[in-house]
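Undergrad: First the structure, then my questions, so here it is.
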Amino acid sequence: MIELKNVERSYKTGHTETWVLRRVGLTIGEGEFLTVMGPSGAGKSSLLNVLALLDDGWLGEYWFSETAVHALNRKQRADLARQRIGMVFQSYHLLDDLTVAENIDLPLSYKNVPPKERQGMVADILDRFQIVAKKDLYPNQLSGGQQQLVGIARAVVHAPALLLADEPTGNLHSTQAREIMELFCELNRQGTTIVQVTHSEENARYGKRIVELRDGWLTRDEKLEPKTTEVGAK
Amino acid sequence: MLPDFKYALRQLRKSPGFTLTAIVTLALGIGANTAIFTLVHAVLLRSLPVADPAQLYRIGDKDDCCVEGGFPGNASNTGDFTIFSYDLYQYLKKQTPEFEQLAATQAGQWSWSVRRGNALAKSMHGNIVSGNYFATLGLTAYAGRLFEDADDTPSASPAVVLSYQTWQGEFASDPSILGEVLFIQARPYTVIGITPPGFFGDRETDSPPQFWIPVNTEPYLRGVSSILHHPTSHWLYLLGRLHPGMNTVALQAKISESLRQWIRSNHDMTQNGGSVLIPKQHVILTPAGSGIQNLQQETGKGLDMLMILSTVVLLIACANIANLLLARATVRRADVALRTALGAGRRRILRQILTESVVLATMGGAAGLLVAYGGCHIILALAFPGAKYLPISAQPSFAVLGFAFAVSLLTGVLFGTAPAWLSFHAQPAEALRGINRSTRDRSSLPQKALIVFQAALSVVLLAGAILMTKSLARLEHQSFGVVTTSRYVLHFDPAGAGYTVDRLPALYRQIEDRFSALPGVTSVGLVMYSPLEGDNWSECVIQQGHPAPHPGDDCGSTWDRVSPQFLDSIGVPIIHGRGFTDQDTATSMPAAVVNQTFAKKFFPNQDPVGQHFGIDLTQYAGSWQIVGVFRDFKMNDPRGPVHPVYLRPLAQRFTGYKEPDMISTENNSMFMQAMVIGFHAPPPDVEALIRHTLAGIDPNLTVMDLRSFDAQVAGNFNEDRLVARLTSLFGALALVLASVGLYGVMSYFVARRSGEIGIRMALGATRSSVVAMVMRGALWQILLGLVLGIPAALVAGSLMASQLYQVPYYDPWALIAAILVLNLCAAIAAFIPARRAASIEPMQALRIE
Chain A
1 MIELKNVERS YKTGHTETWV LRRVGLTIGE GEFLTVMGPS GAGKSSLLNV LALLDDGWLG
61 EYWFSETAVH ALNRKQRADL ARQRIGMVFQ SYHLLDDLTV AENIDLPLSY KNVPPKERQG
121 MVADILDRFQ IVAKKDLYPN QLSGGQQQLV GIARAVVHAP ALLLADEPTG NLHSTQAREI
181 MELFCELNRQ GTTIVQVTHS EENARYGKRI VELRDGWLTR DEKLEPKTTE VGAK
Chain B
1001 MLPDFKYALR QLRKSPGFTL TAIVTLALGI GANTAIFTLV HAVLLRSLPV ADPAQLYRIG
1061 DKDDCCVEGG FPGNASNTGD FTIFSYDLYQ YLKKQTPEFE QLAATQAGQW SWSVRRGNAL
1121 AKSMHGNIVS GNYFATLGLT AYAGRLFEDA DDTPSASPAV VLSYQTWQGE FASDPSILGE
1181 VLFIQARPYT VIGITPPGFF GDRETDSPPQ FWIPVNTEPY LRGVSSILHH PTSHWLYLLG
1241 RLHPGMNTVA LQAKISESLR QWIRSNHDMT QNGGSVLIPK QHVILTPAGS GIQNLQQETG
1301 KGLDMLMILS TVVLLIACAN IANLLLARAT VRRADVALRT ALGAGRRRIL RQILTESVVL
1361 ATMGGAAGLL VAYGGCHIIL ALAFPGAKYL PISAQPSFAV LGFAFAVSLL TGVLFGTAPA
1421 WLSFHAQPAE ALRGINRSTR DRSSLPQKAL IVFQAALSVV LLAGAILMTK SLARLEHQSF
1481 GVVTTSRYVL HFDPAGAGYT VDRLPALYRQ IEDRFSALPG VTSVGLVMYS PLEGDNWSEC
1541 VIQQGHPAPH PGDDCGSTWD RVSPQFLDSI GVPIIHGRGF TDQDTATSMP AAVVNQTFAK
1601 KFFPNQDPVG QHFGIDLTQY AGSWQIVGVF RDFKMNDPRG PVHPVYLRPL AQRFTGYKEP
1661 DMISTENNSM FMQAMVIGFH APPPDVEALI RHTLAGIDPN LTVMDLRSFD AQVAGNFNED
1721 RLVARLTSLF GALALVLASV GLYGVMSYFV ARRSGEIGIR MALGATRSSV VAMVMRGALW
1781 QILLGLVLGI PAALVAGSLM ASQLYQVPYY DPWALIAAIL VLNLCAAIAA FIPARRAASI
1841 EPMQALRIE
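Protein sequences appear in the order of chains A and B. Heads up: the first sequence at position 13 corresponds to 13 in this note's numbering, and the numbers run straight through without jumps. Position in the second sequence counted from 1, then plus 1000, gives you this note's numbering.
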């Protein structure tokens, strides 16, 4: 589904250039559940931003299904992201003045889905995530786990092929984290390809494969046996 | 305090955009106000530089000018007597011991030909005054002495007093001028003194008197044209110094009774039903500490309007400052919270913020002072174009400067410290958390309200500016009925060069011959008063066979004496009968040509050609025969409808009058004062050519004024132009300030909501939808501003209706144009931050989050 070839990313600060991704080559198959790990500053979020098409400043090749992302212009990349990718953030990034339903509706409104259809889709996802009762509440009336649930609902409401999650449980306690990870597994089972960034070994074990980044280099790429395989360093 | 001051400077230096915007805004608001108020103060409020001005009173309240017969001005309608003959002045002076002194000063401000020794004569403004004039004002001479009663007797040696400015400018501060003889209208006058430097006469004007001469020398000066001893020729304003403690109401009633008494005893006033008007005749006693208020009456409304407009600009500027400071204070909330968390007391933090506001206001005030200086010069140049000795200083009024500065300081302090004060009530931890993903930014509500307020005021100013500009354009480009292009108007003064009536025909022949022979000249028209020069004569017309009109009857007609080529020279055709020719001589049938309005008014439904008419008295009703009718044109009042006008030929002096004042007026009318010279295309050195040609005829003929006919016509609209230009300037200022304000608020909005915008973009919002979101937010504020501004603009328009010419105050086009201009500028101001919002990198924004 995704193929990265020699992807590099650097930032210029004054006269110095700092590399955050070095010649990354990565293939992600359809239906995979990939975990990106590594210490702080290793380039995990940078890689996620490249995958999410939020970043344009990288070099190399990026294939999304049959589409050569590296050959697309900014607008085409934004269109592709809008249609195929969903994102879940560590700090949820819900809009404070929109209700739960309105927050979930947001990506659909940007895809110009007709209002009636949107209403149905939002109702479905509320039902599926069992948060119908909370649809008229505002984010500050929800717990962290509930907020992240809404964040995930918002990310998958338009049925993206690829779901990217940046430390999705970073702000949650362990019970809430487990529930969220179970939800990811369920989505994955239903066919959604998932890439998550996490520091947590426990969360990583919910996935099928781990890649590790250090100083921008891909240093580990390991398939996991579901829940039973010990994760070891390369 | 010093560390606070240093920190404030460092903070301002760190935000050059904010600092510059705030200073420029303050400078424009303070500068514009100070400049306008300086003009208002100088014109409307300043006292004469004389002793105890509060004791000065004028008998009269209107600007009637310059010589009026019988019941002057509106006296036949309203009974308000405001201009007086010399005879009436002397009578009232005897009747009013309540005045310590009662002086007379000429109502008109005439130019005279003045020569020193054998030098070429110059045109100067002079004022004829009574001998006690300077004593009444309480002035003492700068050099020599001022008039005494003894200088103002028929037998006194003719004396002249010069103004300080004239002594400096025209006579190079030569002390030997005292005791020297100057030739005024070719008559010798001895210079006896110089007035003090700050004295520019008894009224504000762009052409203040350059010298003063005693009223009893008027016959000596004007010869056969003299009006001093015509009891019913009114040409003097009366200015008196009251004894302390006088009751002005009782005095006014007493003078009014004396006036009625004088009229009763004067046959010329009571004939033809004049007695009927006597009961309502009265005077109005007006304080004259600020001088005779003619200019104030003419310009007061315009200046009041400019004051209001400049105040609105100051309000908009203050709103901008408030907005800038609110935005800044909100941004610095975390800074305040951090300081509080670190143990800073409220007073300490307030002091810091206060210091910054004061430093900013001081810098703005200093810049405002510069703008005020420049603005004063520009406004005075606009208000009095070409003025030689302007009695108004361009030095800004420091009282106003202080006021405007205090207002902006207060704004700065209020809006700088209030948010800080409010932030003390928030938990520092909340502020320190600093997370904001709100789509509605409640803290910016006051800012949005200020933008709505600014937009509303901008619409008012813009609509006003468009109305005034449109009105000016209608005034300037109306059909005056004359051709002004390629024509020059030369004013000269044969009397000043010593010509007598019998020598005039030869002079006029010579002038016509010499000027007609110049290359490219198409016509040369001689005339007493040229069209739209601001002066003309008017008489009461009596058709032959009609009874004498009663006082108050509308029998007035403008009249002029002209050479045969005059109508050609201004491009006015004869539409019936014939024009004047060289055959209209002193011995031929006395002829007149009249305009269409005259024909309609005095000979309705008749053929006017062949009819006879005369002036003032029935025995003269058959004086002249109408030989032709010319097309209407605007002779004197460019705003009003065309008045009846009749013209008489240059060569025909009516010799049948018995009354001395009519004889002297007829004699006076033989002196042409202007010449219209038409060219195919004026040569480049046309002015030098005209001056040279006139000097070639007689070097003593002084050029009193020379300008193109276009410039003469345009001169009628100086005040309208000033008001229109300043209104436009204020409209533009308001627009710029409102746009800057909107830009600032939207920039702040984008900065505050960059996180939210980043999330929206990460969730699929397109750049155009982000632009649309920001623009929508801005245009809502403008829309609300319009909802408030449009009715306000209509109210403002109705208040300025009297200033408008052929433009309705509710002119929909002006409103539409104002709305479009405001929207366009608002769209530009909002588009810049909107584009910035659209270029937010979601990745960056999320990282900041």
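Glycine is no exception: its CB is placed at the ideal position from the N, C-alpha and C atoms.
Nearest CA to the CA of Y236(A): which residue from K5(A), R22(A), M1(A) and I194(A)?
TA: The structure shown has nothing for residue 236(A), since chain A only spans 1 to 234.
Undergrad: Would you report the Cα separation of N1077(B) and F1037(B), rounded to the nearest angstrom?
TA: Going by the C-alpha atoms only, they are around 37 Å apart.
Undergrad: If contacts are defined as beta-carbon pairs under 8 Å, then Y1488(B) and V1686(B) qualify, I think. What distance do you get, rounded to the angstrom?
TA: That belief holds up - the Cβ atoms of Y1488(B) and V1686(B) are roughly 6 Å apart, short of 8 Å.
Undergrad: Are at least three pairs of beta-carbons, each pair with one atom in the segment 169 to 182 of chain A and one in the segment 138 to 147 of chain A, less than 8 Å apart?
TA: At 8 Å Cβ cutoff, the stretches touch.
Undergrad: Using DSSP bridges, identify the partner residues of A1159(B).
TA: In the DSSP output, where bridge partners are listed per residue, A1159(B) has T1190(B).
Undergrad: V1129(B) and A1103(B): beta carbons closer than 9 Å?
TA: Cβ distance < 9 Å, so V1129(B) and A1103(B) count as in contact.
Undergrad: Between the Cα of L164(A) and those of D127(A), E225(A), G60(A) and L51(A), spot the shortest distance and give me the residue it belongs to.
TA: Among D127(A), E225(A), G60(A) and L51(A), the Cα nearest to that of L164(A) is on L51(A).
Undergrad: Using a threshold of 9 Å, state whether the C-beta atoms of R1631(B) and V1572(B) are closer than that.
TA: Yes, these two residues count as a Cβ contact at 9 Å.
Undergrad: Can you list the residues of chain E that A78(A) reaches, using a CB-CB cut of under 7 Å?
TA: Within the model displayed, chain E is absent; protein chains A and B are what it includes.
Undergrad: Please report the distance separating the alpha-carbon of P1608(B) from that of G1481(B).
TA: Taking the straight line joining both Cα atoms gives about 21 Å.
Undergrad: State yes or no: is the C-beta of Q1803(B) nearer than 8 Å to some heavy atom of the ligand HEM?
TA: Questions concerning the ligand HEM fall outside what the structure shown contains, since it holds no ligand whatsoever.
Undergrad: Whose CA, out of I1759(B), V1787(B) and C1376(B), lies closest to the CA of V1040(B)?
TA: The candidate whose alpha carbon is nearest that of V1040(B) is C1376(B).
Undergrad: So, helix, strand or coil for R1440(B), using DSSP?
TA: At R1440(B) the pLDDT is 48, less than 50, meaning the model places this residue with poor confidence; the figure from the coordinates comes in the next sentence. Three-state DSSP puts R1440(B) in coil, outside helix and strand.
Undergrad: Do you know how far the Cα of P1287(B) is from the Cα of Y1057(B)?
TA: Cα to Cα, Y1057(B) sits roughly 4 Å from P1287(B).
Undergrad: Give, in chain order, every residue of the segment 107 to 121 of chain A whose Cβ lies closer than 7 Å to some Cβ of chain B.
TA: Those residues of the segment 107 to 121 of chain A that come within reach of chain B (Cβ to Cβ, closer than 7 Å) are P107, Y110 and K111.
Undergrad: I'd like to know if N250(A) contacts chain B, where contact means its C-beta is closer than 9 Å to some C-beta of that chain.
TA: Given a span of 1 to 234 for chain A in the structure shown, any question on residue 250(A) remains unanswerable.
Undergrad: Are the C-beta of M1307(B) and some C-beta of chain A separated by less than 9 Å?
TA: Answer no: the Cβ-Cβ gap between M1307(B) and chain A never drops below 9 Å.
Undergrad: Would you mind telling me which residues of chain A sit closer than 7 Å to S1754(B), beta carbon to beta carbon, in chain order?
TA: In chain order: nothing, as chain A lies at least about 13 Å away.
Undergrad: Can you pull the chain A residues whose beta carbon is under 9 Å from the beta carbon of A1762(B), in chain order?
TA: Within chain A, the residues near A1762(B) are A52, L54, A81, M87, F89 and H93.
Undergrad: Could you tell me which uninterrupted alpha helix (DSSP H) segments, each at least 4 residues in length, are contained entirely in the segment 1593 to 1668 of chain B, listed from first to last along the chain?
TA: Listed in chain order, the complete alpha helix (DSSP H) runs (minimum 4 residues) inside the segment 1593 to 1668 of chain B are 1596 to 1602 and 1660 to 1668.
Undergrad: Between which two residues does the beta strand (DSSP E) carrying D166(A) extend?
TA: That run of the beta strand (DSSP E) goes L162 to D166.
Undergrad: Out of curiosity, what's the CA-to-CA distance linking I1214(B) and L1221(B)?
TA: Here the sequence assigns Pro to residue 1214(B), which means Ile is not the residue at that position. Rounded to whole angstroms, P1214(B) to L1221(B) spans 10 Å at the Cα level.
Undergrad: Given that N49(A) touches chain B, what residues does it touch there, using C-beta distances under 8 Å?
TA: Simply M1843.
Undergrad: Can you look up Y1488(B) in the DSSP assignment and give me helix, strand or coil?
TA: Strand.
Undergrad: To the nearest angstrom, how far is it from the Cα of V1460(B) to the Cα of L1306(B)?
TA: Each residue's alpha carbon lies about 13 Å from the other.
Undergrad: By the 10 Å Cβ neighbour count, where 16 or more other Cβ atoms means buried, how is L1370(B) classified, buried or exposed?
TA: So L1370(B) ends up on the exposed side.
Undergrad: For a test of the three-state rule: what should DSSP assign to R1145(B), helix, strand or coil?
TA: Reduced to three states, the DSSP call for R1145(B) is coil.
Undergrad: Can you pull the chain A neighbours of I1759(B), defined as C-beta to C-beta under 9 Å?
TA: Those are F89, H93, L94, L95 and L106, listed as they occur along chain A.
Undergrad: Taking Cβ-Cβ distances shorter than 8 Å, what residues in chain A pair up with S1769(B)?
TA: Near S1769(B) (Cβ distances below 8 Å), the residues of chain A are Y110.
Undergrad: Should T13(A) go down as buried or exposed, given a rule of 16 or more other Cβ atoms within 10 Å for buried?
TA: When all chains shown are included, T13(A) counts as exposed.
Undergrad: Got a sec? Which residues, its chain only, sit under 7 Å from A1751(B) by beta carbon, not counting five neighbours each side?
TA: Correct list: empty, nothing qualifies.
Undergrad: Mapping DSSP to helix, strand and coil, what is A1104(B)?
TA: Strand, per DSSP.
Undergrad: Can you tell me the Cα-Cα spacing of T1863(B) and S1163(B), whole angstroms?
TA: In the structure as shown, chain B starts at 1001 and stops at 1849, and residue 1863(B) therefore has no counterpart that could be examined.
Undergrad: Which term fits Q1619(B), buried or exposed, when burial requires 16 or more other beta carbons within 10 angstroms of its beta carbon?
TA: When all chains shown are included, Q1619(B) counts as exposed.
Undergrad: So what does A1674(B) bridge to, in DSSP terms?
TA: According to DSSP, which records beta bridges pairwise, A1674(B) is partnered with H1491(B) and V1527(B).
Undergrad: Hey, how far is the Cα of V231(A) from the Cα of E167(A)?
TA: Interpretation of V231(A) is limited by its pLDDT of 40, a score under 50 that renders its predicted location unreliable; no figure is taken from the coordinates.
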